[in-house]
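Heads up, the thing below is written out as structure tokens.
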Amino acid sequence: MTLLALQGGFADAPIASAHAFRAALTALSQPGQILSVTGAAPPAPVSVAAGVLLLTLVDGTTPVHLAGRYDCAALRDWLTFHTGAPLVAPEAASFALGTWADLQPVGRFAQGLPDYPDRSCTLIVEMAALSNTGSRLTGPGIADHARLNLPEVAAFQANRARFPLGFDAFFTAADQIAGLPRSTHVEDF
Amino acid sequence: MYVAVKGGERAIDNAHAWLAAERRGDAAVAELSLAQIRAQLSLAVNRVMAEGSLYDADLAALAIKQSRGDLIEAIFLIRAYRTTLPRLGASVPVETAQMAVIRRVSATFKDLPGGQVLGPTFDYTHRLLDFKLAAEGEALAAPATAAADLADVPHVTGFLNRDGLIEANPRSAAQPADLTREPMELPASRALRLQAITRGDEGFILSMAYSTQRGYGRTHAFVGELRIGMVAVEMEIPELGFAVEIGEIELTECETVNQFKGSKTEPPQFTRGYGLVFGQTERKAIAMSLVDRSLRWAELGEENSGAPAQDEEFVLMHADNIQATGFLEHIKLPHYVDFQSELELVRKLRAEVLAGTEAAE
Amino acid sequence: MTDQAYNFAYLDEQTKRMIRRAILKGVAVPGYQVPFASREMPMPYGWGTGGVQVTAACLVPEDRLKVIDQGADDTTNAVSIRKFFQRVAGVAVTEATQEATLIQTRHRIPDTSLSAGQILVYQVPIPEPLRFLEPRESETRKMHELEDYGLMHVKLYEDIARHGQIATSYAYPVKVEDRYVMDPSPIPKFDNPKLSNSPALQLFGAGREQRIYALPPFTHVVSLDFDDHPFVPSKADHACDLCDASDSYLDEVIIDDQGGRMFVCSDTDYCGGRRAAGHVGRLGEEAI
Ligand SMILES: [Zn+2]
Numbered sequence: 031m032t033l034l035a036l037q038g039g040f041a042d043a044p045i046a047s048a049h050a051f052r053a054a055l056t057a058l059s060q061p062g063q064i065l066s067v068t069g070a071a072p073p074a075p076v077s078v079a080a081g082v083l084l085l086t087l088v089d090g091t092t093p094v095h096l097a098g099r100y101d102c103a104a105l106r107d108w109l110t111f112h113t114g115a116p117l118v119a120p121e122a123a124s125f126a127l128g129t130w131a132d133l134q135p136v137g138r139f140a141q142g143l144p145d146y147p148d149r150s151c152t153l154i155v156e157m158a159a160l161s162n163t164g165s166r167l168t169g170p171g172i173a174d175h176a177r178l179n180l181p182e183v184a185a186f187q188a189n190r191a192r193f194p195l196g197f198d199a200f201f202t203a204a205d206q207i208a209g210l211p212r213s214t215h216v217e218d219f
Numbered sequence: 026m027y028v029a030v031k032g033g034e035r036a037i038d039n040a041h042a043w044l045a046a047e048r049r050g051d052a053a054v055a056e057l058s059l060a061q062i063r064a065q066l067s068l069a070v071n072r073v074m075a076e077g078s079l080y081d082a083d084l085a086a087l088a089i090k091q092s093r094g095d096l097i098e099a100i101f102l103i104r105a106y107r108t109t110l111p112r113l114g115a116s117v118p119v120e121t122a123q124m125a126v127i128r129r130v131s132a133t134f135k136d137l138p139g140g141q142v143l144g145p146t147f148d149y150t151h152r153l154l155d156f157k158l159a160a161e162g163e164a165l166a167a168p169a170t171a172a173a174d175l176a177d178v179p180h181v182t183g184f185l186n187r188d189g190l191i192e193a194n195p196r197s198a199a200q201p202a203d204l205t206r207e208p209m210e211l212p213a214s215r216a217l218r219l220q221a222i223t224r225g226d227e228g229f230i231l232s233m234a235y236s237t238q239r240g241y242g243r244t245h246a247f248v249g250e251l252r253i254g255m256v257a258v259e260m261e262i263p264e265l266g267f268a269v270e271i272g273e274i275e276l277t278e279c280e281t282v283n284q285f286k287g288s289k290t291e292p293p294q295f296t297r298g299y300g301l302v303f304g305q306t307e308r309k310a311i312a313m314s315l316v317d318r319s320l321r322w323a324e325l326g327e328e329n330s331g332a333p334a335q336d337e338e339f340v341l342m343h344a345d346n347i348q349a350t351g352f353l354e355h356i357k358l359p360h361y362v363d364f365q366s367e368l369e370l371v372r373k374l375r376a377e378v379l380a381g382t383e384a385a386e
Numbered sequence: 011m012t013d014q015a016y017n018f019a020y021l022d023e024q025t026k027r028m029i030r031r032a033i034l035k036g037v038a039v040p041g042y043q044v045p046f047a048s049r050e051m052p053m054p055y056g057w058g059t060g061g062v063q064v065t066a067a068c069l070v071p072e073d074r075l076k077v078i079d080q081g082a083d084d085t086t087n088a089v090s091i092r093k094f095f096q097r098v099a100g101v102a103v104t105e106a107t108q109e110a111t112l113i114q115t116r117h118r119i120p121d122t123s124l125s126a127g128q129i130l131v132y133q134v135p136i137p138e139p140l141r142f143l144e145p146r147e148s149e150t151r152k153m154h155e156l157e158d159y160g161l162m163h164v165k166l167y168e169d170i171a172r173h174g175q176i177a178t179s180y181a182y183p184v185k186v187e188d189r190y191v192m193d194p195s196p197i198p199k200f201d202n203p204k205l206s207n208s209p210a211l212q213l214f215g216a217g218r219e220q221r222i223y224a225l226p227p228f229t230h231v232v233s234l235d236f237d238d239h240p241f242v243p244s245k246a247d248h249a250c251d252l253c254d255a256s257d258s259y260l261d262e263v264i265i266d267d268q269g270g271r272m273f274v275c276s277d278t279d280y281c282g283g284r285r286a287a288g289h290v291g292r293l294g295e296e297a298i
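This is the structure in structure tokens:
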């Protein structure tokens, strides 16, 4: 483990994670809303926002899958030191991190059980940028409709079709996050 | 002009001050020390540790003092305190075969290796009030206590096991779920059931066990062995690569030997019920082992007679006295919004019935 | 002033993470009861431990917290919970619904409309809407899985057959986004319409029963009924005797031993706000 792994955590964890959770809660309960978060300095290639989500939501009880180039020594060490999360294969993960391409096929991730739909994976999808353009979102959390530049549409439509099963997603870019729960209807636009 | 009742805050402060005064009682009487409670009310301390799921006799004594001797209230204080403690790790399983026993009895064998050790028991006392205790300053003759037997004391069920007369109980390396860190999930594993029962209310577990003895899910239990004593607690230290002793705790362990006529898949043999509780808590440990055995009906292919003690969900969801007392006592809280809506409903239903009756006349 | 002996908002970080993950699952599957490892809190089960844990997991130091019980800020348990969070989280408190960023409630939805960005946390005693029809968790879980709510409809229908109407006046069951039947906590059914399409986020915490569930803003919530017996939100057929409101939920207060009674808003902030604005009820006096 390098010295780098020991750095980049929350300076004041109770307060930083409270703010970060509130942002994550807003993001997931109001799909399409883009929020800023701060406090984490994870190693490359992880965005600040993804780092903040990991520090806020994962720990020794939540297996994490690192996809594609996110499965690197620097991040593994950083995550292990700061959260103690076990690193696992996609099928066993409670959280998964990577670009949308890295995470394919998303059908590998836990979709929940018919009697326990909560036993599903949450994807943290790294993006180049987030904007309120592109796909049209409707459903719980959205007054009329919202827009978000989703990486594709079909996978999220298929995910909605399985409701109440399915995965939930956070999208992250730089210090920004947005959320897309499985309950959202997504249309191409 | 109506003024709504105000001053909830002041009322609460006054109630707390009054409670503190009641707890202390007559200031002319010497105050109880924690050392006195710990030493002289040790079975109350043990119960609070067992049902509070926290092995700390000083904290249990403090909780008993603070709760004015209301043991469920004391258990509640301990549980609420326990919530705030960080989880540093888990011990390796304790070896009760290496217990330094102060008491060890078997109802199934007259004599056995390791011997019968009666220990400090109420069993053969005549329950006559001892008025000498009412006078303070008693001087006691020193009891003839044998030093706790430090050699291994083999389990009675081990003797039966050698002949295949009792079900095997192989060790499992599986990590048991932790009731205090994960929500209860039904059906529960036996490990989870035992966790729930060992911290469950002594009175409830006792009554459930008693009901099986009276025929509601009878399991024909004998006390194969009951033992009380200290055991070492060891923890694996990853940096060292082996387990080190971090302390010792007093435990009561009970293993029952139960008749079993066999099933389609199993030949007749004895089966086991198991109880393990913090401290000197033998009523609880025996009751626990009866309830454990009763809940095993499905695993052993026995008939479900519909008895309460066979009903896992019923037992596990109602054994916790902190959950029970909280929900029971919450009906003291104001419910006037709900009551008002019921009032409107009953008035409306009555009006309709009365109107109907008048129309019919 | 925060009590330094305890972590921010009392719970340790690992416990908060566990609760926060459960809240997010609840948000993602509106109306579904997410199991969570409820902790023993320093107040008894049944006195709001679920709501308190959800609030503790959501609070940030900048929040303005409002706590109500039966609609009132000054009921003893509301006072006690408010004090707890002042002590362990150091947050500002308010009685004004509009000023609050997070409201913890027992048995009421405020009569003042909630707005975007607010969180309403309900204390829930029995989260399972089917519990009094089927006491077993193992059975009710299956019913939710299969969307088998026939038992509930039978119960409501039997009410109509016997009483000519549905004889449930509080904790009236709702269906969320046409999927899960949900218990709205013991709010009077008068409050049920406010559950649907609220701009606020609604979170429900049941401590003793170890369940969390949620209604994101603008979630479609329907009170169960029949075409020929539509749901009717009801309240006492009076106006508030203090502020003359005709749109608020009313408590009935016995004022003498001759059977005299008056009706006053259960929402003390709503009533006070109206009186301050000059509204005067039958027995009210002009605000000074
Ligand atoms: Zn009013």
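Protein chains in written order, with my numbering: chain A, 31 to 219; chain B, 26 to 386; chain C, 11 to 298.
Ideal placement from N, C-alpha and C gives every residue a C-beta, glycine not left out.
CA-to-CA distance, residue j to residue i, given in whole angstroms
| i | j | result |
| --- | --- | --- |
| Q133(C) | E219(C) | 11 angstroms |
| R215(B) | D317(B) | 8 angstroms |
| P293(B) | T214(A) | 58 angstroms |
| P196(C) | L234(C) | 15 angstroms |
| Q60(A) | I230(B) | 47 angstroms |
| V118(A) | A32(C) | 21 angstroms |
| Q141(A) | F339(B) | 31 angstroms |
| A60(B) | A53(A) | 50 angstroms |
| Q206(A) | T68(A) | 9 angstroms |
| L195(A) | Y42(C) | 11 angstroms |
| G39(A) | D254(C) | 56 angstroms |
Segment limits, alpha helix (DSSP H) that includes residue i
| i | result |
| --- | --- |
| F200(C) | Note, F200(C): premise wrong, no alpha helix (DSSP H); not H, not E. |
| T108(B) | L96 to T108 |
| G326(B) | Looking at the DSSP string, G326(B) is not in any alpha helix (DSSP H), and its letter there is neither H nor E. |
| K165(C) | G160 to H173 |
| Y280(C) | T278 to A286 |
Neighbour flag for residue i against chain C, beta carbons, 8 angstroms
| i | result |
| --- | --- |
| P208(B) | yes |
| S131(B) | no |
| G128(A) | no |
| P170(A) | yes |
| D89(A) | yes |
| L154(B) | no |
| L320(B) | no |
| P72(A) | no |
Neighbouring residues, chain A, relative to residue i (Cβ below 8 angstroms)
| i | result |
| --- | --- |
| K152(C) | D145 |
| E155(C) | P144 and D145 |
C-beta neighbour in chain B for residue i, strict 8 angstroms
| i | result |
| --- | --- |
| Q220(C) | yes |
| E104(C) | Correcting the residue identity first, residue 104(C) is Thr in this sequence and not Glu. So, not an interface residue. |
| R49(C) | yes |
| P139(C) | no |
Proximal chain C residues relative to residue i, where beta-carbon distance stays under 9 angstroms
| i | result |
| --- | --- |
| S66(A) | What S66(A) touches in chain C: nothing, since even the nearest Cβ is about 14 angstroms away. |
Interface partners of residue i on chain C, CB under 7 angstroms
| i | result |
| --- | --- |
| Q134(A) | What Q134(A) touches in chain C: nothing, since even the nearest Cβ is about 21 angstroms away. |
| Y361(B) | Q80 and D261 |
Range covered by the beta strand (DSSP E) that runs through residue i
| i | result |
| --- | --- |
| T202(A) | D198 to A203 |
| F267(B) | F267 to N283 |
| G56(C) | Run containing G56(C): none; DSSP gives neither H nor E here. |
| E250(B) | A246 to I262 |
| C275(C) | R271 to C275 |
8 angstroms Cβ cutoff, residue i in contact with chain A
| i | result |
| --- | --- |
| K35(C) | yes |
Where residue i meets chain C, residues with beta-carbon distance less than 8 angstroms
| i | result |
| --- | --- |
| I347(B) | E50, P54 and Y55 |
Contacts of residue i in chain B (Cβ-Cβ under 9 angstroms)
| i | result |
| --- | --- |
| T65(C) | Going along chain B, no residue has its Cβ under 9 angstroms from T65(C), so there is no contact; the nearest lies around 16 angstroms. |
Listed by chain order, chain B residues near residue i by CB distance under 8 angstroms
| i | result |
| --- | --- |
| K199(C) | S366 |
### Query
What are the residues of the region 107–122 of chain C that lie near chain B, defined by any Cβ-Cβ distance shorter than 7 angstroms?
H117 and R118
### Query
Any residues in the region 31–50 of chain A with a beta carbon nearer than 8 angstroms to a beta carbon of chain C? Which ones, in chain order?
A43, P44, I45, S47, A48 and H49
### Interface positions of the region 170–188 of chain C facing chain A (Cβ-Cβ less than 9 angstroms), listed along the chain
V186 and E187
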